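Structure, as structure tokens:
Number of protein chains: 2
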Amino acid sequence: MEALINKIKDSQDLSQAAEAYLYSIAKKKTFAKGALLIQQGQRVNKVFYILNGCLRSYCIDKMGKEHTLQFGIKNWWISDYIAIYNNEYANLAIECLKESTVIEFNAKKLNNIFSLFPEFEPFQRQLLERHVASLHKRILNQLQLTASERYALFLEQYPDIEQFTRNYHIASYLGITQESLSRLRSEIAKK
Amino acid sequence: MEALINKIKDSQDLSQAAEAYLYSIAKKKTFAKGALLIQQGQRVNKVFYILNGCLRSYCIDKMGKEHTLQFGIKNWWISDYIAIYNNEYANLAIECLKESTVIEFNAKKLNNIFSLFPEFEPFQRQLLERHVASLHKRILNQLQLTASERYALFLEQYPDIEQFTRNYHIASYLGITQESLSRLRSEIAKK
DNA sequence: TAGATTTATTACCATAGGTTAATTTTTATC
DNA sequence: GATAAAAATTAACCTATGGTAATAAATCTA
């Protein structure tokens, strides 16, 4: 929990009262590998700040195929933001890829923080701005890069994540099948 | 300009002073079809609110191919947010697809509005939240839909835009070539 | 650690979409 | 409105990636 508090203090002053409120709505939890923090179809009222471990959010299409939207590691937030921001039922699942410790927040209570302590607004705004920019980049990469270029970029961006992920997690993040990823890897190995 | 002011008033109170500040930093401009509001390589210090018309943001890859990130129509914001939020040079161009009238803001001055008039924070936060959710959806669609499904969805989401766009604008938004889009269209026409 | 289960690899064939190039259609310009 | 320029269509061929299935390897579990 101090990790998050310190992160916030890096970019803004944090009053005693605000810090106390944060503590009052935060629950530190540890989930085992394979645990589902959010499941498709649920009403989503939780967002998670990752203290350590590795998680992913994914959806399952009509053919039963999984598509990974996001990996989450230390100091990242993760939830189903489509559901939260549009007040819909979860279309995503959040899965623990290795034992992970997170801070769980009730989404509504966390959202109240902005009216109670407006000093959080600039912090959140910057977080959202950086998120938007990174999503724009992801879309442009998806449009212009080949599967093998995307894989190379992924390894750059998540250098240590492969030890926690299955091949098909990565493939479904890149938008290819696990068999195709397997082929890419064997071509890379040949060189 | 009233259009934007009214939009803001829909979701929050707007003090006289805040409204005056908005006016003081806004320039209404009309651009001809083909005009480039932002060009790759420039330092980006402008964001645009679209009063009417149609624009798009796109990048050009090493092979010279264009990739459309976004179309912008009435009441949308458009700029190179990767450049603005990361303080980088423009990697995107913003092009006018038909004569368009926009409100041009200096990005820095627009950003100052949050310290001068914190009442804008919730408005901006909600804008960013909806933007994040829609980008998440776009990525999931790109991962799980075929080209023809994406085209159908595009037509749903932008029902009137085809009259202003070239075929290759749409193709480069969907992540396919204009020839492929042409094939899709002829298959649809057959049915 | 053995056995069971899950995951990764490989090979083969299928297919969506890319490439190139020629032709037709649409749009812009004078 | 005639001409030039740009864009769209179509076809033939090509390539990257998908689908299936069999095998090997890794991981889990008792």
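Sequence order for the protein chains is D and G. So the number in our numbering is just where the residue sits in the first sequence, counting from 1, plus 49. So the number in our numbering is just where the residue sits in the second sequence, counting from 1, plus 49. Note that CB positions come from ideal geometry on N, CA and C, so glycine has one too. Predicted, not measured: the structure shown is a model, and the values here were computed from it.
Its chain contains Leu-63, Glu-68 and Leu-71 as the residues whose beta carbon lies nearer than 8 angstroms to that of Ile-54 of chain D, once the 5 sequence neighbours on both sides are disregarded; these appear in chain order. Under the three-state reduction of DSSP output, Arg-215 of chain G falls in the coil class, being neither helix nor strand.
Closer than 7 angstroms at the C-beta level to chain D, one finds these residues of the region 169 to 192 of chain G: Glu-170, Pro-171, Gln-173, Arg-174, Leu-177, Glu-178, Arg-179, His-180, Val-181, Ala-182, Leu-184, His-185, Lys-186, Arg-187, Ile-188, Leu-189, Gln-191 and Leu-192. Proximity of the region 195 to 203 of chain G to the region 194 to 209 of chain D falls short of the contact definition, fewer than three beta-carbon pairs being nearer than 8 angstroms. Residue-level contact by beta carbon fails for Gly-90 of chain D and chain G, as no gap is shorter than 8 angstroms.
Within 7 angstroms of the CB of Leu-118 of chain D, the CB atoms of chain G belong to His-185, Ile-188 and Leu-189, in sequence order along the chain. In the DSSP assignment, Arg-234 of chain D falls within the unbroken alpha helix (DSSP H) covering 227 to 239. Taken through DSSP and simplified to helix, strand or coil, Phe-120 of chain G comes out as strand. Per DSSP, the unbroken beta strand (DSSP E) holding Ala-142 of chain G starts and ends at 142 to 155. Contact between Ser-106 of chain D and Leu-141 of chain D holds, with the beta-carbon distance rounding to 5 angstroms and staying under 8 angstroms. 8 angstroms or more divides the Cβ of Ser-128 of chain G from the Cβ of Val-151 of chain G. With a cutoff of 8 angstroms on beta-carbon distance, His-116 of chain D and Val-181 of chain G are scored as not near each other.
By the rule that beta-carbons nearer than 8 angstroms mark a contact, Asn-101 of chain D does not touch chain G.
Per the coordinates, the alpha-carbon of Glu-211 of chain D lies some 16 angstroms from the alpha-carbon of Leu-118 of chain D. Note that the region 71 to 80 of chain G does not touch the region 150 to 169 of chain D; fewer than 3 beta-carbon pairs, one per stretch, sit closer than 8 angstroms. Leu-104 of chain G sits away from Lys-123 of chain G, with the two beta carbons spaced by 8 angstroms or more. Using a CB distance cut-off of 8 angstroms, Tyr-130 of chain G counts as an interface residue toward chain D. At least 8 angstroms separates the CB of Phe-154 of chain G from every CB of chain D. For the options G:Leu-177, G:Lys-147 and G:Tyr-130, the alpha carbon positioned closest to that of Val-93 of chain G is the one of G:Tyr-130. Spatial neighbours of Leu-202 of chain D in its own chain (CB-CB distance under 8 angstroms, excluding positions within 5 residues in sequence) are listed in chain order as Asn-190 and Leu-194.
Going by beta carbons, Ile-133 of chain G and Ile-87 of chain G fall outside the 8 angstroms limit. Sequence-distant partners of Ser-229 of chain G (beyond 5 residues in either direction) whose C-beta falls short of 8 angstroms from its own C-beta, in its chain, are Ala-196 and Ala-220. With fewer than 16 other Cβ atoms from the protein chains shown falling within 10 Å of its own Cβ, Leu-165 of chain G counts as exposed. Legend: CB atoms of the region 121 to 145 of chain D lying less than 7 angstroms from CB atoms of chain G belong to residues Tyr-130, Ile-131, Tyr-134 and Asn-135.
Contact note: Asp-110 of chain G reaches chain D through Gln-193, using a C-beta cutoff of 8 angstroms and chain order.
Glu-148 of chain G and Lys-82 of chain G do touch by the CB rule: their CB atoms are close to 6 angstroms apart, below 8 angstroms. Shown here, Lys-95 of chain D sits in a strand according to DSSP, grouped into three states.
Only residues of its own chain outside the window of five on either side were considered, and among them Ile-87, Gln-88, Gln-89, Gly-90, Gln-91, Arg-92, Val-93, Asp-129 and Ala-132 have a CB closer than 8 angstroms to the CB of Ala-139 of chain D, listed in chain order.
Residues Leu-146 of the same chain have their beta carbon placed closer than 7 angstroms to that of Thr-214 of chain D, with the five preceding and five following residues left out of the count. Distance from Pro-208 of chain D to Phe-163 of chain G at the Cβ level is roughly 35 angstroms; contact not present, criterion being Cβ atoms closer than 8 angstroms. In terms of CA proximity to Tyr-222 of chain D, D:Gly-121 leads the group D:Glu-153, D:Pro-167, D:Gly-121 and D:Glu-178.
Leaving aside the five residues that flank Ile-109 of chain G on each side, the residues in its chain whose CB is nearer than 8 angstroms to its CB run, in chain order, Gln-89, Glu-115, His-116 and Ala-142. Across the structure, Met-50 of chain D and Ser-231 of chain D are spaced so that their CA atoms are roughly 39 angstroms apart. Chain order gives the chain G residues near Gly-224 of chain D as Gln-191 and Leu-192, where near means a beta carbon separation below 8 angstroms. Under a criterion of Cβ atoms nearer than 8 angstroms, the residues of chain G adjacent to Pro-167 of chain D are, in order, Pro-167 and Glu-170. In this structure, the beta-carbon distance from Gln-227 of chain G to Tyr-217 of chain G falls below 8 angstroms.
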